[in-house]
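The structure under discussion appears below in the form of structure tokens.
Number of protein chains: 2
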Amino acid sequence: MTDLLSVAKKAGVSRATAARVFSQPELVRKTTLQRVLAAAEELAFRPNRLAQQLRTQATRIIGVLLPDPRNPVFAEQLLAMELAARQQGYALLVTTTGYDASQELQLVEEMLCQRVDGLVLTVADAENSEVLAKLQRESVPYVLVYNQPTDPDVQAISVDNRLAMYDAAQYLLALGHRQIGMVAGPMAQSDRARLRYDGYCAALREHGITPRPVIEMASHTRASFPLLQSHMQGNEGLTALLCSNDLLALSLISDLQRHGHAVPDDISVIGFDGIELGELLFPSLCSVVQPREAIGREAVAVLLAMMRGEQPDIGKLPHRLRPGESAGPLQRPDTDAHRIRTR
Amino acid sequence: MTDLLSVAKKAGVSRATAARVFSQPELVRKTTLQRVLAAAEELAFRPNRLAQQLRTQATRIIGVLLPDPRNPVFAEQLLAMELAARQQGYALLVTTTGYDASQELQLVEEMLCQRVDGLVLTVADAENSEVLAKLQRESVPYVLVYNQPTDPDVQAISVDNRLAMYDAAQYLLALGHRQIGMVAGPMAQSDRARLRYDGYCAALREHGITPRPVIEMASHTRASFPLLQSHMQGNEGLTALLCSNDLLALSLISDLQRHGHAVPDDISVIGFDGIELGELLFPSLCSVVQPREAIGREAVAVLLAMMRGEQPDIGKLPHRLRPGESAGPLQRPDTDAHRIRTR
DNA sequence: AACCAAAATGAGATCGATCTCATTCAGTAG
DNA sequence: CTACTGAATGAGATCGATCTCATTTTGGTT
């Protein structure tokens with residue numbers, strides 16, 4: 101409707117000159133500049149980014165693929181990315197997978213059709229992912245977030261998941277706990293949950309304790325006490341639980357309390373992520389804090405660097421164990437009257 | 101690179117035919133169809149949506165403007181919208197305002213340059229918003245979410261905020277509370293907070309109680325006990341608080357507890373929104389539940405209807421008071437030993 | 001007044017699809 | 001075998017900007 105050509109006509113100049121007014125105003129004589137600007141103003145000219153994008157072969161749009169914005173970890177990362185991206189003149193096209201790996205390929209394909217300049221992804225499992233293989237093959241710039249692939253050539257922004265969970269386990273061990281379990285969502289679909297389990301195992305072994313199999317929940321974000329029990333056949337009464345994310349931890353604490361178990365008196369619980377809400381609650385959530393904003397910002401920064409053709413070299417981002425009321429020293433070391441048992 | 105023209109050449113047909121293969125395959129003879137598809141496959145052809153969008157003047161992109169995805173209310177809405185949109189072949193371009201009305205105009209302008217087909221917005225204040233005026237003027241399809249403007253011509257998906265808070269206040273009154281306050285974020289910036297305050301006032305007046313001035317917090321999502329105290333100069337000891345959203349309520353409960361006030365024994369707290377997390381915590385959060393997923397879905401549905409030129413007529417969506425442990429019957433009706441006082 | 005480099009401007013192709021309208025093709029009837 | 005009809009296909013304009021390269025202006029020199 102109100103395209104550049106109309107503006108140019110109204111101002112009595114050519115398309116080219118009108119275009120220059122917006123892209124390289126310094127090349128235009130001041131008087132013509134003002135004439136064109138006036139015409140643009142009058143016609144309520146609004147540059148058409150589609151045309152720009154088509155012509156310049158650059159959209160300044162970043163495609164974002166994440167499991168679920170309802171998980172504060174992703175919401176916080178999303179916000180940080182949006183701010184960082186906007187500051188550099190980029191916008192975000194956002195898609196969610198619902199933790200469903202089978203959707204990843206098609207969703208990414210969709211964004212590639214839109215010609216996003218690059219992608220920020222959190223995939224289910226970075227190790228054997230069709231999507232990543234394809235992106236690699238087509239050399240589309242992309243950055244993983246939260247994923248921690250083995251391949252060092254893949255750019256990924258994350259903490260050292262193994263070490264982080266190792267630290268959390270050590271924390272519990274230092275508090276005197278010996279019967280420690282780990283709760284996670286569906287393992288097959290999460291590279292980071294597996295690494296965290298490794299860390300848990302390593303810490304226990306260092307203390308001569310045999311790690312238990314992971315207690316696998318059906319949901320990535322919702323733990324239930326009955327399911328916990330059913331996974332504990334033949335196990336000793338636990339005194340502490342590590343959760344592979346904060347939402348699991350919070351829902352678990354809630355369900356434990358509902359079933360008459362006190363946290364941390366009967367059982368200590370540690371989460372992973374360090375979402376803000378955890379600090380507001382009672383008991384406050386002890387958790388391994390990931391720097392979510394920094395992760396988001398860094399993801400954008402690294403992606404933009406890659407798009408400029410640089411070879412950014414990123415290390416792991418630092419994690420930190422945030423103490424909280426949900427994890428305390430082992431109580432009644434010689435009786436387990438209140439401990440959890442298999443039914 | 102791998103444009104339609106290359107495919108057409110490889111298949112030995114014209115651009116037009118090649119294009120038809122993807123848009124109206126029924127018009128193409130089966131043998132040519134397969135030849136073109138084979139060529140496309142071989143060249144790894146990926147349709148360029150920018151070109152399509154430019155030519156057809158339709159992007160199938162919905163612009164989304166929301167305050168902050170870290171608030172679960174918006175995260176849940178966002179997810180619902182993404183799913184609904186994708187099902188109809190639309191994608192989301194997401195922008196955040198950080199509750200800052202002064203950014204709204206520019207952010208929307210940006211999305212209009214991208215030629216989004218329509219907008220879903222949650223603005224600070226729908227009553228006197230430049231953005232809405234502009235969108236109206238340019239007849240860009242848009243839908244408000246959570247906002248509740250006076251103007252009936254503006255499409256808005258929300259609950260009846262006034263009635264919802266009225267119900268919450270009635271709930272407290274029925275529990276015997278008489279000293280009821282309302283906590284909110286910055287009022288000047290929130291049409292819905294004002295309506296909720298109206299509802300609070302109405303309920304109290306019906307019981308012959310003079311409403312108190314709103315207790316205004318600096319943040320939209322974080323309440324503090326000291327700030328609460330400082331706003332209560334000359335007031336009686338409160339026994340119950342209504343919060344204009346769940347995050348305020350949760351942080352307030354946490355801060356109350358930290359300052360030695362028991363919830364609900366010393367003071368009852370009710371939130372607004374009904375975020376899932378509220379149910380997991382202890383005490384579980386009593387809250388006015390908004391149907392967030394339905395709101396998100398509806399927003400997309402209504403917007404698409406508008407884009408088709410229809411005149412969807414939407415009523416308010418239903419709210420419901422979800423009881424919770426954070427709000428209980430009035431304790432010790434004649435002593436206020438534990439009640440909150442101004443210092 | 002003539003000349004020249006530098007500064008402004010313009011003409012036209014281009015990005016990759018879609019759409020209209022004209023043209024060709026295949027199959028059938030006479 | 002010719003004519004006719006509907007199905008398939010093609011030619012070329014178009015969406016709205018950008019970019020290159022050619023051309024015109026401008027302003028300063030001599």
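As given, the protein sequences belong to chains A and B, one line each in that order.
Everything in the first sequence is counted per the numbering used here, starting at 101 for the first residue and increasing by one.
Everything in the second sequence is counted per the numbering used here, starting at 101 for the first residue and increasing by one.
Cβ coordinates follow ideal geometry from the N, Cα and C atoms, glycine included.
All figures in this text were calculated on a predicted structure; none of them were measured in a lab.
- The bridge partners DSSP lists for A:C343 are A:V283.
- Residues of chain A with a Cβ closer than 9 angstroms to the Cβ of B:T195 are, in chain order, E182, R186, A191 and L192.
- Under the three-pair Cβ rule at 8 angstroms, the stretch 425 to 432 of chain A does not count as touching the stretch 122 to 129 of chain B.
- DSSP places B:G378 in the uninterrupted alpha helix (DSSP H) bounded by L377 to L380.
- When the five nearest sequence neighbours on each side are left out, the beta carbons in the same chain lying within less than 8 angstroms of the beta carbon of A:F174 are those of L166, P167, D168 and T222, in order along the chain.
- Closer than 8 angstroms to the CB of A:D168 there is at least one CB belonging to chain B.
- Using a 10 angstroms sphere on the CB of A:E204, the tally of other CB atoms reaches 16 or more, which defines it as buried.
- The DSSP-derived three-state label of B:I353 is helix.
- When CB distances to chain B are screened at a threshold of 9 angstroms, the residues of the stretch 197 to 225 of chain A falling below it are G198, L207, E209, E210, M211, L212, C213, Q214 and R215, in chain order.
- By the neighbour-count criterion, in which 16 or more other beta carbons inside 10 Å mark a residue as buried, B:S368 falls on the buried side.
- Pairing A:A191 with B:E398 gives a Cβ-Cβ distance that is not under 8 angstroms.
- Annotated three-state conformation of A:R392 is helix, per DSSP.
- For A:Y199, the closest alpha carbon among the candidates A:F145, A:R186, A:E141 and A:Q289 is that of A:Q289.
- When Cβ-Cβ separations below 8 angstroms define contact, A:Q431 makes no contact with chain B.
- Residue pairing from DSSP places B:D373 in a beta bridge opposite B:V389.
- Around the Cβ of B:N228, a 10 Å sphere holds fewer than 16 other Cβ atoms; the residue is exposed.
- For A:L143, there are no neighbours in chain B by C-beta distance under 8 angstroms, as the nearest C-beta there is about 13 angstroms away.
- Think of a sphere of 9 angstroms around the beta carbon of B:F372: no beta carbon from chain A falls inside it, the nearest being about 16 angstroms out.
- The Cβ atoms of A:E393 and A:A180 sit closer than 8 angstroms to each other.
- Interface annotation, B:F382: in contact with chain A, CB-CB separation under 8 angstroms.
- Between B:V259 and B:K416, the C-beta spacing is below 8 angstroms.
- Taking 8 angstroms as the threshold, the shortest C-beta distance from A:L404 to chain B does not fall below it.
- The beta carbon of A:A140 lies closer than 6 angstroms to those of V107 in the same chain, with the five residues before and after it left out.
- Residue pairing by DSSP places B:G337 in no beta bridge whatsoever.
- The alpha-carbon of B:A158 is positioned some 18 angstroms away from that of A:R155.
- Nearest Cα to A:A224 within the set A:S239, A:L244 and A:G218: A:L244.
- Annotation: the continuous beta strand (DSSP E) that includes A:R422 extends over R420 to R422.
- Taking C-beta atoms under 8 angstroms as the contact rule, B:V389 and B:M265 fail to qualify, at a distance of about 13 angstroms.
- Chain B places a beta carbon closer than 8 angstroms to that of A:E176, counting this residue as a contact.
- Leaving aside the five residues that flank B:A293 on each side, the residues in its chain whose CB is nearer than 6 angstroms to its CB run, in chain order, A284, M287 and S344.
- Taking C-alpha positions only, B:R262 is separated from A:T102 by approximately 42 angstroms.
- DSSP places A:Y246 outside any beta strand (DSSP E), giving it a letter other than H or E.
- What B:Q153 touches in chain A, judged by beta-carbon distance under 7 angstroms, is L150, going in chain order.
- According to the DSSP assignment, B:V121 belongs to the alpha helix (DSSP H) that extends over R115 to S123.
- Within chain B, the C-beta atoms nearer than 7 angstroms to that of A:P172 come from R170, in chain order.
- Judged by DSSP in its simplified three-state form, B:G163 adopts strand.
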